[in-house]
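Here is the structure we will look at.
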Amino acid sequence: MESTYKKAILIHFGELWLRGDNRRIYIDLTKRNIMMQLGLRPKQINFQYDKLLIPIEKGMDMQKLLDKLQYVIGISNYAISYSTKADLKSIEKLAESILREIKKGKSKAQPIRIESSRAYKGHKFTSKQIVDKLVKLVIKMGLEPDIEAKDSRMFVKVYKDIAFISFGRANGVLGLPVGSSGKAVVMLSGGIDSPVASWYAMRRGAAPIYVHLHGYQTNELAERSKIPKILSVLSRYYPRYKVYYVPAHIFQLALSKMDNKYEPILLKALMFRISERIAREEGAGAIITGESLGQVASQTMANIAASQQSVELPILRPLIGLDKQEIIAVARKIGTYDLSIMEYKDVCSINATNTVTNSSREKIGKLLSEMKIDRIVERSLKASKVVSV
Ligand code: ATP
Ligand code: MG
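Positions 834 to 1222 (my numbering) are the ones given, in order, by the sequence shown.
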């Protein structure tokens, strides 16, 4: 490849056209997150022509950057690109050297799809003329043009003074840059659902603060469990987070005096209240759970209503309409599934099989005040450990 062409990674934003006056905030946050996740300095990433460009300099490991980009939230797609002057001859010359490179790299010639669009319409040539010219070039070089080819697309974008040719486009994770929706407290269990809920919430711009209620003797044991492993998988999508390890033994002691058919509902109520307290301290605007409607006894409409009483912050449930099979598919895709199905010491050892499915707010409210829930929240939080990553 001639060194006169500037090689770069070209990044397209997701949903930017919906952002109106706030566009700049989303652009800056996406840029900040890319820098953080790829380990780049501000000067190594530019905003141009409504895209972000990472010029590839000597000594940069492009493949490594591309691998990390697949985890940055807020990106619709990204590709390797070269730029040249905005005239037919220059475009053709650049295309030729890219095609030569592609041909060299492949043992079997792959069909190539050519596409073009002009952001500036004042040029004497049309997009169709570019495509026609490049299709001829592809044939001349012994490669096969194919408008159906999915994996090897060569795309020419022409501006007034510059043209970009990109290829090898990959899909990004989509969504809004993490942080753009503020902070949210994520109730994280060792199960399959809540890591997926966290991922969805991050994808809508929420920066996570995790709360995990654990059944271990000490917080240190919880810190050595699979929970931080799950968090480390999730942190590929956003590396900064806080986690509260809250021991459950104070609650469990109080619970031992209660009728165990209400146990999961009372436990959920406790978790909501602890989460809300943490949210207030951390300035988080919502609580996220992995609940889905009717999945288990504690997730009937009546029990959801009873357990969330007196919590004022919005409780968001990204999985509410998903089937377990769909949740599992996402868990596999994001990489949390194998950890989630590993055996884990859950909070409730006596898994109440006789849980009532239609508890009332009054009944649960009465039981919570009998248990002196506010004191349990205070004491549990005092006994918790916070880890910042
Ligand atoms: P999951 O697979 O996420 O554990 P689940 O199907 O087991 O969910 P529940 O046990 O009713 O369902 O939990 C519902 C939600 O409550 C979880 O998705 C999670 O958000 C929260 N939760 C459950 N256990 C804990 C825990 N130990 N600490 C913090 N939050 C929890
Ligand atoms: Mg669970």
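From the three backbone atoms N, C-alpha and C, an ideal C-beta is built for every residue, glycine too. Treat the numbers as computed from the prediction; the structure is a model and nothing was measured.
Q) How many Å lie between Leu886 and Phe1000 at the Cα? A) 14 Å
Considering only heavy atoms of the ligand MG, list every residue whose Cβ is less than 6 Å from one of them, following chain order. Ser1022, Gly1024
Would you report the Cα separation of Ala1117 and Gln881, rounded to the nearest angstrom?
33 Å
With a threshold of 8 Å, establish whether the CB of Gln1142 neighbours any heavy atom of the ligand ATP. no
Is Ile1083 near the ligand ATP, judged by its Cβ being under 8 Å from some heavy atom? no
Q.
In this structure, how does DSSP classify Leu1151 when only helix, strand and coil are distinguished?
A. Rather than Leu, the amino acid found at residue 1151 in this sequence is Pro. In this structure, Pro1151 counts as coil in the three-state DSSP scheme.
So does Val1066 have its beta carbon nearer than 8 Å to some heavy atom of the ligand ATP?
no
Quick check on DSSP: helix, strand or coil for Val1222? coil
In three-state terms, what does DSSP make of Ile887?
The answer is strand: DSSP assigns Ile887 an E or B state.
Worksheet item: Can you tell me whether Thr959 is buried or exposed, with buried defined as 16 or more other CB within 10 angstroms of its CB?
Response: exposed
Review point. Exposed or buried, which one is Tyr953 when buried takes at least 16 other CB atoms within 10 Å?
Key: exposed
Review point. Are at least three pairs of beta-carbons, each pair with one atom in the segment 1096 to 1108 and one in the segment 1195 to 1208, less than 8 Å apart?
Key: yes
His845 - DSSP class collapsed to helix/strand/coil: If DSSP states are grouped into helix, strand and coil, His845 belongs with the strands.
- Query: Is the segment 1158 to 1170 touching the segment 1139 to 1147 in the sense that three or more CB pairs, one from each, lie closer than 8 Å?
  - Reply: no
Of all the options Arg1208, Lys966, Gly1012, Glu977, which has the alpha carbon lying nearest to the alpha carbon of Leu1086? Considering only alpha carbons, the answer is Arg1208.
Exercise for the section: Go ahead and pull the three-state DSSP assignment for Ile1183. Expected result: Note that Ile1183 has pLDDT 48, beneath the 50 cutoff, so the model's placement of it is unreliable and the number below is only indicative. Note: Ile1183 maps to coil in three-state DSSP.
### Query
Is Val1018 near Ala1138, with beta carbons less than 9 Å apart?
No, they are not a contact pair.
Check your understanding: Do you know offhand how far Lys1196's Cα is from Tyr1095's?
Key -> 9 Å
With 16 other Cβ atoms within 10 Å as the buried cut-off, status of Leu851:
With fewer than 16 other Cβ atoms within 10 Å, it is exposed.
Candidates Lys936, Leu1146, Ala1130, Ala1034: closest to Lys973 by CA position: Lys936
(Q) Going by beta-carbon coordinates alone, are Val989 and Ser1013 separated by less than 9 Å? (A) no
Thinking just about the alpha-carbon of each residue, which of Gly892, Arg1194, Ile860, Val905 is nearest to the one in Trp1032? Val905
>> Using C-beta distances below 6 Å, list every residue in its chain close to Glu1109, excluding the 5 sequence neighbours before and after it, in chain order.
In response: Val1144, Leu1146
Inset, instruction - Mind reading off the beta-carbon distance from Lys983 to Gly955? Whole number of angstroms is fine, and I expect it under 8 Å. - result: Their Cβ separation, rounded to whole angstroms, is 32 Å, which puts Lys983 and Gly955 out of contact at 8 Å.
For this session: Decide yes or no for the touch test of the segment 1149 to 1156 against the segment 1021 to 1040: beta carbon pairs closer than 8 Å, at least 3 of them.
Result: yes
#### Entry: Close-in-space but distant-in-sequence residues of the same chain around Ser914 (CB under 6 Å, 5 per side omitted)
Ala841, Leu843, Phe997, Ser999
- [ ] Using only the heavy atoms of the ligand ATP, determine whether one of them is closer than 8 Å to the beta carbon of Asp1171.
- [x] no
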